[in-house]
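The next block holds one structure in the form of structure tokens; read it before the comments.
In my numbering, the protein residues as written are 38 to 271.
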């Protein structure tokens, strides 16, 4: 049965779903890379498609912006559609001078100042991390494709326009590579539900050098991370 936020019938999704934040990036991936891509959901214009890549079934669906949004969609995919793996493919802002525009980051861990974790009532601090098997496979795929990737810690922030201007320097001093807004909630949902998750990012702008890419470039040209993630079809 459809969920409150996904209109697809049971069986509409592959075991692995790629999740860009932007629904139009999901549309671009489906139309550019997938064969026999079928639109399976479009509630609130969050577009989801299922097709094949190199003969293997795979799905791609937008997550929207922020941890509450990806928290909803990933939870419903995991619990109602028998999805096993969700791979976020998104953009991020660099926190380090040697992490450059268009670099690819695989998020080993995701720090956050979000209250998302409080729902679990844990007696201490929880560290959201990627599934090791997905992370290792992504690095292997990148090596096979001749792509350089950075593996490390990121920040999943609830705040895009931060009123505390030195916050980024405090995170950077702890070795955090970049900032985005979704991965920690995805990792926590996967951990709680016994599923697998990974986040692969392309650096769209630098908060250190202030270089940036355009909206159009973020939507259609971050193909190297897409080519890594697409190999996870089954």
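Built from N, CA and C at the ideal position, the CB exists for glycine as well.
Compute the beta-carbon to beta-carbon distance between residue 67 and residue 88, rounded to the nearest angstrom, for a pair I have assumed lies under 8 Å. Indexing the chain shown from 1 puts residue 67 at position 30. Indexing the chain shown from 1 puts residue 88 at position 51. The pair is a contact, with the Cβ atoms about 6 Å apart (cut-off 8 Å).
Residue closest to residue 56, alpha-carbon to alpha-carbon, out of 246, 137, 112: Taking the first residue of the chain shown as position 1, residue 56 is located at position 19. Nearest C-alpha to residue 56: 112.
Proximity of residue 218 and residue 102 at Cβ, strictly below 8 Å: As a working note, residue 218 is residue 181 in the chain shown. As a working note, residue 102 is residue 65 in the chain shown. Against a cut-off of 8 Å, the Cβ pair of residue 102 and residue 218 comes out as a contact.
If I follow the unbroken alpha helix (DSSP H) through residue 263, where does it start and stop? To locate residue 263, count along the chain shown from 1; it is residue 226. Taken as a continuous stretch (DSSP letters only), the alpha helix (DSSP H) holding residue 263 covers 260-266.
Thinking residue 122 and residue 171 are a contact (beta carbons under 8 Å), I'd like their distance in whole angstroms, please. Indexing the chain shown from 1 puts residue 122 at position 85. Indexing the chain shown from 1 puts residue 171 at position 134. About 6 Å; that satisfies the 8 Å criterion.
For residue 186 versus residue 141, is the C-beta distance shorter than 8 Å? If you number the chain shown from 1, residue 186 lands on position 149. If you number the chain shown from 1, residue 141 lands on position 104. It is a contact, given that the beta carbons lie within the stated cut-off.
Among 53, 255, 209, 157, nearest to residue 128 - alpha-carbon criterion: In the chain shown, the residue the question calls residue 128 occupies position 91. Closest by alpha carbon: 255.
To which residues of the same chain is residue 95 closer than 6 Å at the C-beta, ignoring the five residues directly before and after it? One-based indexing of the chain shown puts residue 95 at position 58. Contacts found: 51, 53, 270.
On the DSSP letters alone, give me the boundaries of the beta strand (DSSP E) that residue 99 sits inside. On the chain shown, residue 99 is found 62 positions in, with the first residue counted as 1. It is not in any beta strand (DSSP E) - residue 99 carries neither H nor E in the DSSP assignment.
Are residue 148 and residue 192 closer than 8 Å when you measure CB to CB? Translated into positions along the chain shown, residue 148 becomes position 111. Translated into positions along the chain shown, residue 192 becomes position 155. In contact: residue 148 and residue 192 (Cβ atoms closer than 8 Å).
Tell me which residue opens and which closes the beta strand (DSSP E) that residue 118 is part of. Locating residue 118 in the chain shown gives position 81, counting from the first residue. Segment: none, residue 118 is in no beta strand (DSSP E) and carries neither H nor E.
Decide if residue 210 is buried, meaning its Cβ has at least 16 other Cβ atoms within 10 Å, or exposed. Residue numbering aside, residue 210 sits at position 173 when the chain shown is read from its first letter. Exposed, by the Cβ-count rule.
How many Å lie between residue 263 and residue 155 at the Cα? Taking the first residue of the chain shown as position 1, residue 263 is located at position 226. Taking the first residue of the chain shown as position 1, residue 155 is located at position 118. One C-alpha to the other measures close to 32 Å.
Enumerate, from N- to C-terminal direction, the unbroken beta strand (DSSP E) stretches of 3 or more residues contained entirely within the region 49-81. 53-56, 72-78
Rounded to the nearest angstrom, what separates residue 75 and residue 69 at their Cα positions? Start at 1 with the first residue of the chain shown, and residue 75 comes out as number 38. Start at 1 with the first residue of the chain shown, and residue 69 comes out as number 32. Each residue's Cα considered, the two are about 13 Å apart.
Among residues of its own chain, excluding the 5 on either side of residue 248, which ones have a beta-carbon nearer than 6 Å to its beta-carbon? In the chain shown, counting from the first residue as 1, residue 248 sits at position 211. Closer than 6 Å at the Cβ level, and outside the excluded window around residue 248, lie 138.
4 or more residues per run - each alpha helix (DSSP H) lying fully within the region 209-239: 220-230
Mind checking which residues open and close the alpha helix (DSSP H) that includes residue 171? Sequence index remark: in the chain shown, residue 171 carries index 134 (1-based). 169-182 is the span of the alpha helix (DSSP H), which, as asked, contains residue 171.
What does DSSP give as the partner residue(s) for residue 122 in the beta ladder? Counting from 1 along the chain shown, the entry for residue 122 is found at position 85. Answer is 53, 233.
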